[in-house]
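Quick notes on the structure that follows.
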Amino acid sequence: MPEIKIHIGGREFEVVCKEGEEDFLHAAAAMLDVEADALNTAMGRIPESRMLLMSGLMLADKTASLEDQLAAAARENEGGPLAHEVSAEIDKLKADLATANDELKAVGEKLKVADDKVEVAEKALAEKEKSLAEKTAEAEQSAANAEDSNSKLVLAVNAIERMVESIEKKGA
Numbered sequence: 000m001p002e003i004k005i006h007i008g009g010r011e012f013e014v015v016c017k018e019g020e021e022d023f024l025h026a027a028a029a030m031l032d033v034e035a036d037a038l039n040t041a042m043g044r045i046p047e048s049r050m051l052l053m054s055g056l057m058l059a060d061k062t063a064s065l066e067d068q069l070a071a072a073a074r075e076n077e078g079g080p081l082a083h084e085v086s087a088e089i090d091k092l093k094a095d096l097a098t099a100n101d102e103l104k105a106v107g108e109k110l111k112v113a114d115d116k117v118e119v120a121e122k123a124l125a126e127k128e129k130s131l132a133e134k135t136a137e138a139e140q141s142a143a144n145a146e147d148s149n150s151k152l153v154l155a156v157n158a159i160e161r162m163v164e165s166i167e168k169k170g171a
């Protein structure tokens, strides 16, 4: 199955389709992109999953409206050439909507996987930060203990030097 890059709402997605359906997929993505751009213009930048969901719903709404209009026209023109064109357009719109919904599901699944990875990375980072804080506290405590021991050692050396001086003075 060929991998195709599509652009929707200023974002790039990689999707797969059946051999020979690449043009159809690009056309469906272009329809979804138009709706996503309208959303971005009206609402500003919104989360990817919401943008795709709302774009898909907007296409579904347009499709339902066109189906109603086409059904009314078909009733008026029953059996005429317009009925055949309307039916073909409905079928095309249904296929476009199904493709867009499949793409939306695939992107939603990728987004869930990415969210899960981010959550795992955040937990790992929190654990490393905690470990680093503990090690820093231990190092600071060791440094303080070493400084205290060093001070006591200096005092002891000074006391011994004074004792040696005193002994040397008495012995001299």
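Those letters in the sequence shown? Residues 0 to 171, per the working numbering, in order.
Ideal placement from N, C-alpha and C gives every residue a C-beta, glycine not left out.
### Buried versus exposed call for I201 [16 or more other C-beta atoms within 10 Å across all chains shown]
For residue 201 there is no data in the structure shown, the boundaries of the chain being 0 and 171.
### Message
Are the CB atoms of A27 and A99 within a distance shorter than 8 Å?
### Response
The residue you call residue 99 lines up with position 100 of the sequence shown. The residue you call residue 27 lines up with position 28 of the sequence shown. Going by C-beta atoms, A99 is nearer than 8 Å to A27.
### Query
Is E18 helix, strand or coil when you go by DSSP?
As a working mapping, residue 18 is identified with position 19 in the sequence shown. The answer is coil: DSSP assigns E18 none of H, G, I, E or B.
### Message
Three or more C-beta pairs under 8 Å: does that hold for the segment 64–78 against the segment 48–55?
### Response
Short answer: they don't touch.
### Inter-residue spacing [alpha-carbon to alpha-carbon] between K122 and A113
Start at 1 with the first residue of the sequence shown, and residue 122 comes out as number 123. Start at 1 with the first residue of the sequence shown, and residue 113 comes out as number 114. One C-alpha to the other measures close to 14 Å.
### Message
Taking 7 Å as the limit between beta carbons, can you name the residues of its chain near K37, skipping five residues before and five after?
### Response
To locate residue 37, count along the sequence shown from 1; it is residue 38. The displayed chain sequence assigns Ala, not Lys, to residue 37. Cβ neighbours of A37 beyond the five flanking positions: none.
### Query
Over what stretch of residues does the beta strand (DSSP E) that includes I5 continue unbroken?
Locating residue 5 in the sequence shown gives position 6, counting from the first residue. I5 -> beta strand (DSSP E) spans 2–7.
#### Entry: Rounded C-alpha distance that separates C16 from F23
Taking the first residue of the sequence shown as 1, we reach residue 16 at position 17. Taking the first residue of the sequence shown as 1, we reach residue 23 at position 24. Answer to the nearest angstrom: the Cα atoms are 9 Å apart.
### Query
Hey, out of G170, K169, H25, A138, whose CA is closest to L96's CA?
Mapped onto the sequence shown, residue 96 falls at position 97. Among G170, K169, H25, A138, the Cα nearest to that of L96 belongs to H25.
### Task
Assign A35 to one of two classes, buried (16 or more other C-beta atoms within 10 Å of its C-beta) or exposed (fewer than that).
Position 36 of the sequence shown, counting from 1, holds the residue named residue 35. Buried, since its Cβ has 16 or more Cβ neighbours within 10 Å.
### Task
With DSSP collapsed to three states, give me the class of R161.
Sequence index remark: in the sequence shown, residue 161 carries index 162 (1-based). It is helical.
### Task
List the endpoints of the continuous alpha helix (DSSP H) containing G55.
Here residue 55 refers to the residue found at position 56 of the sequence shown. Per DSSP, G55 belongs to the alpha helix (DSSP H) from 47–75.
### Message
From the DSSP secondary-structure annotation, give me the bridge partner or partners of R10.
### Response
For the purposes of this step, residue 10 is identified with residue 11 of the sequence shown, where counting begins at 1. Looking at the DSSP assignment, R10 forms a beta bridge with I7.
### Message
Using CA atoms only, rank isn't needed, just tell me which of A142, E137, V119, V106 is closest to H6.
### Response
Numbered from its first residue, the sequence shown carries residue 6 at position 7. The option with the nearest alpha carbon to H6 is V106.
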